[in-house]
């Protein structure tokens, strides 16, 4: 992980850009935070198809960084690196989607597995095994593992994605000022956390470990593979299954998570 600096260290440069619109200041900010693009692209590129070049990913990421710099308000006291990382990641994913990087057949497989986790875990009220999922999908366990490997690239998401397919509201719209929360959003946030916590409890021990190391400790999948003494492909499978389980669980409660 790159060393994160507080944006306050560049307060004079931010002022020159935000208040005086000095292009030199903007360029200086881009150069300062450019390592964020390499960091995000490095994490996102793991498990992507070989036809996706890291250069293309970085190009999209740079556009996301520029967008973040143009829209960031340093006076709010927020951490720029966190805000920019979301923007960079979103720009990269949008670029990948525009390039039709995931075949329709792969997305259909991902949806089938997600639905299988949703229905079986709702039925059994526990974490279901690979053999139970395989049986439900009418495939062998080996075929199921291959399916999981193929859909690893679909388990990334953008904050510009809709929360629900039929809605226009995006994840980005939920990133609001903590001081400006409405009572409804506060209730939804609490319920979402409770639902997500219960969903995480249903993950297998290895899946929980991967999720924790990837999203909380911010290790790459290859680093997690070393920590857990497993192959990177196995870690990728565990990550994909964990995300599909969580998405399935949240889908069951989506009507309760967000008000219409």
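Residue numbers (UniProt numbering): 1 to 260.
The C-beta atom is built at its ideal place from N, Cα and C for all residues, glycine as well.
Here the structure is a predicted model, which is why all the values come from computation and not from measurement.
- DSSP places residue 77 in no alpha helix (DSSP H); its state is neither H nor E.
- The stretch 78-88 makes contact with the stretch 53-68, as at least three CB pairs between them are under 8 angstroms.
- Rounded to the nearest angstrom, the gap between the Cα atoms of residue 219 and residue 34 is 20 angstroms.
- The criterion of a C-beta distance shorter than 7 angstroms is not satisfied by residue 45 and residue 61.
- DSSP, read as helix, strand or coil, puts residue 229 in coil.
- Of the residues 231, 137, 17 and 119, the one whose Cα lies closest to the Cα of residue 245 is 119.
- Its chain contains 225 as the residues whose beta carbon lies nearer than 8 angstroms to that of residue 234, once the 5 sequence neighbours on both sides are disregarded; these appear in chain order.
- Taking the CA atoms as reference points, residue 217 sits about 38 angstroms from residue 20.
- Linking residue 133 to residue 237 through their CA atoms gives a straight-line distance of about 14 angstroms.
- Residue state for residue 142 is assigned as helix, using DSSP reduced to three classes.
- The alpha-carbon of residue 113 is positioned some 13 angstroms away from that of residue 131.
- Residue environment: residue 125 is assigned as exposed (fewer than 16 neighbouring CB atoms within 10 Å of its CB, all protein chains considered).
- The beta carbon of residue 11 sits closer than 8 angstroms to the beta carbons of 74 from its chain, once the five residues preceding and following it are set aside; these are given in chain order.
- Annotation: the continuous alpha helix (DSSP H) that includes residue 25 extends over 23-44.
- Considering only 63, 249 and 208, the residue with the shortest C-alpha distance to residue 194 is 249.
- The Cβ-Cβ distance between residue 116 and residue 137 falls below 7 angstroms.
- Counting every other CB atom within 10 Å of its CB across the protein chains shown gives residue 210 a total of 16 or more, marking it as buried.
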